[in-house]
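Protein chains in written order, with this note's numbering: chain Z, 1 to 177; chain W, 1 to 177.
In this text, a Cβ means the ideal position worked out from N, Cα and C, and glycines have one as well.
In what follows, a structure is listed as structure tokens, so that the remarks can point back to it.
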DNA sequence: TAATACGTTTAGTTTGAACTAAACGTATTA
DNA sequence: TAATACGTTTAGTTCAAACTAAACGTATTA
């Protein structure tokens with residue numbers, strides 16, 4: 001590996017690492033994805049250990065997460081016990097994978113929790129104790145519940161779109177590009 | 001404060017705390033927003049200390065972040081040195097605020113870093129050293145650069161939309177609602 | 001001028017997520 | 001059967017972010 005290419009690679013992987021961290025994922029996960037993404041051939045777990053510079057355990061767990069998100073794909077070769085990984089290069093598909101895996105469950109959780117708070121604010125006891133506050137709480141909680149529902153629907157829609165492309169939204173919004 | 005209402009409030013604030021943490025913000029920040037959101041009157045810093053149960057310093061820094069994101073608004077009353085806060089209740093506006101503050105700068109950073117990696121992979125030295133790898137790197141890096149550009153444009157568009165509502169996207173996508 | 005009432009900043013501490021090192025389970029080969 | 005080559009799991013450690021406690025700056029009041 002020559003200097004400039006090694007530097008380009010190193011730079012790129014570091015950037016992926018930072019982005020990963022920014023989005024709330026482990027830094028090593030981004031670095032591992034970057035290494036796989038920049039590999040012309042499928043990469044084995046041990047090669048990743050060497051290239052990224054983390055231990056086997058860390059690679060094992062992170063690469064499993066990456067696979068769950070649909071960011072990498074596992075390949076088994078006959079007469080070879082190693083697992084090989086390739087990168088998903090369609091990033092819109094990656095986004096949908098992340099939304100499906102992370103956001104969906106979190107949205108459901110948020111919705112259920114708000115519903116529970118709202119239940120409490122709607123009890124006769126709450127109204128009897130402090131009617132003004134109870135009504136106010138109900139209004140505010142209903143407001144955020146509506147928002148969460150809308151967001152939930154929106155995300156579900158985005159996930160369902162299997163032809164989401166860079167131009168999809170901009171075309172719909174009628175921008176100039 | 002009666003039992004049911006206090007419970008509803010506590011439940012709600014805890015949920016906001018969890019959501020905040022999930023999106024990569026401090027838990028206290030979400031809790032503080034929740035407390036302000038559920039207050040019929042503007043809330044002072046010391047009231048927040050009492051209600052949320054964190055120290056003044058933490059409230060001070062978190063409430064400043066909330067204001068920067070456009071999630072709360074500061075109100076000064078004449079003949080009163082205290083700062084009072086109210087919650088932004090238009091969550092689509094909140095989303096745009098978060099996108100503007102967080103994502104925009106991070107996107108620019110990501111774009112610049114990829115451009116830098118790409119520069120390195122495009123040097124004559126890189127091509128001379130290992131042409132196949134250099135070309136491959138260039139392809140992959142260009143691919144992700146295009147994606148980042150699209151995403152950047154998309155987010156810029158969302159931020160610019162000052163009439164973004166729950167129905168906006170669903171109407172555009174032509175779903176049944 | 002001193003005392004008070006604010007919000008802010010800072011040094012130090014806490015905490016939890018992500019890592020390492022190493023044991024482990026299992027399949028394959030000698 | 002023993003040795004090897006894998007990926008996985010686990011106990012322990014590290015580290016950065018978020019917090020606390022307290023000092024601080026400043027404006028207001030007595």
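- For residue 97(W), there are no neighbours in chain Z by C-beta distance under 9 Å, as the nearest C-beta there is about 14 Å away.
- In the DSSP assignment, residue 75(W) forms a beta bridge with 84(W).
- Using a Cβ distance threshold of 8 Å, residue 89(Z) and residue 143(W) count as a contacting pair.
- By the Cβ criterion, the stretch 2-11 of chain W is in contact with the stretch 108-127 of chain Z, since at least three pairs of Cβ atoms, one from each stretch, lie closer than 8 Å.
- Under the three-state reduction of DSSP, residue 117(Z) is assigned to helix.
- According to the DSSP secondary-structure assignment, residue 43(Z) is paired through a beta bridge with 85(Z).
- Counted as a single uninterrupted DSSP element, the alpha helix (DSSP H) harbouring residue 30(Z) occupies residues 27-37.
- For residue 92(Z), the enclosing alpha helix (DSSP H) has its first and last residue at 91-98.
- Contacts with chain W at 8 Å (Cβ-Cβ) include residue 40(Z).
- For the stretch 29-59 of chain Z, the residues whose beta carbon sits under 7 Å from a beta carbon of chain W are, in order, 37, 38, 40.
- Using a Cβ-Cβ cut-off of 8 Å, residue 89(W) counts as an interface residue toward chain Z, since at least one Cβ of chain Z sits closer than that to its own.
- Within 10 angstroms of the beta-carbon of residue 133(Z) lie 16 or more other beta-carbons, which makes it buried.
- A contact is defined here as three or more CB-CB pairs under 8 Å, and the stretch 105-113 of chain W fails this definition with respect to the stretch 150-160 of chain Z.
- A check of alpha carbon separations from residue 28(W) across 63(W), 44(W), 111(W) identifies 63(W) as the nearest.
- Here residue 96(W) is buried: its Cβ has 16 or more other Cβ atoms, across all protein chains shown, within 10 Å.
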